[in-house]
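Student: The structure under discussion is supplied below as structure tokens; questions concerning it will follow.
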Amino acid sequence: MKYSLVAILLTVSTVFPFSLAAEEKRVGDHIIYYNAFNSSFLQPEVATAYKIQRTSFTGVLNISIHNANKKGLPDAIAANVQGRIRNQLSQNQELSFREIKEENAIYYLADFQFRPREETDIRFIVRIPGISEPIEIEFDQKFYKD
């Protein structure tokens, strides 16, 4: 059975709106959408389908990059994404992103371990083909054991 990550994340975000609210950063005609959430919010079969480790202490970072097309609508585009998370003890964890392609969508997913109720610093860099400067995004988020 094929799962649409778009539908799954939209469903999960309506159930857990505060923990899954998508953020965005606009750079020229490009929009980068991103959110991080606890992997236990996903149904087991969905986590398996997308090779996401599903535990109470595993977070997921979801990123998608879009470019406005001639009609002003967003088109998903491929990019190179690298990142890391850092806990309050300044311990870094490199993120390993997997590219997921579905119909007209492209996502970059990475899972990581976290300590409950601890502020986690998340930083990632997006390199878009044809754009000379990489786009850096950094945000802090607390995760909670489910």
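For the sequence shown, the numbering used here gives the first residue as 3, with consecutive numbering after it. Here a beta-carbon is modelled for each residue, glycine too, at the ideal position from N, C-alpha and C.
In the region 77-112, which residue ranges form an unbroken alpha helix (DSSP H) of at least 4 residues, counting only runs that do not cross its ends?
Tutor: Taking only runs of at least 4 residues, no alpha helix (DSSP H) segment lies wholly in the region 77-112.
Student: Determine the burial state of G132: buried for a count of at least 16 other Cβ atoms within 10 Å of its Cβ, exposed for fewer.
Tutor: Exposed, because fewer than 16 other Cβ atoms sit within 10 Å of the Cβ of G132.
Student: Determine the contact status of L63 and A80, defining contact as a CB-CB distance below 8 Å.
Tutor: Cβ atoms of L63 and A80: not closer than 8 Å.
Student: Taking only the alpha-carbon atoms, compute the straight-line gap between I108 and A78 and give it to the nearest angstrom.
Tutor: So the alpha carbons of these two residues sit roughly 6 Å apart.
Student: With respect to the alpha helix (DSSP H) encompassing T50, which residues constitute its N-terminal and C-terminal limits?
Tutor: Taken as a continuous stretch (DSSP letters only), the alpha helix (DSSP H) holding T50 covers 46-51.
Student: Return yes when the Cβ of Q90 is within less than 8 Å of the Cβ of E47, no when it is not.
Tutor: No.
Student: Taking only the alpha-carbon atoms, compute the straight-line gap between Q143 and N71 and give it to the nearest angstrom.
Tutor: The straight-line gap from Cα to Cα measures roughly 32 Å.
Student: Please state whether DSSP places F43 in a helix, a strand or coil.
Tutor: Helix at F43.
Student: What separation, rounded to the nearest whole angstrom, lies between the Cα atoms of F99 and F59?
Tutor: Rounded to the nearest angstrom, the two C-alpha atoms are 18 Å apart.
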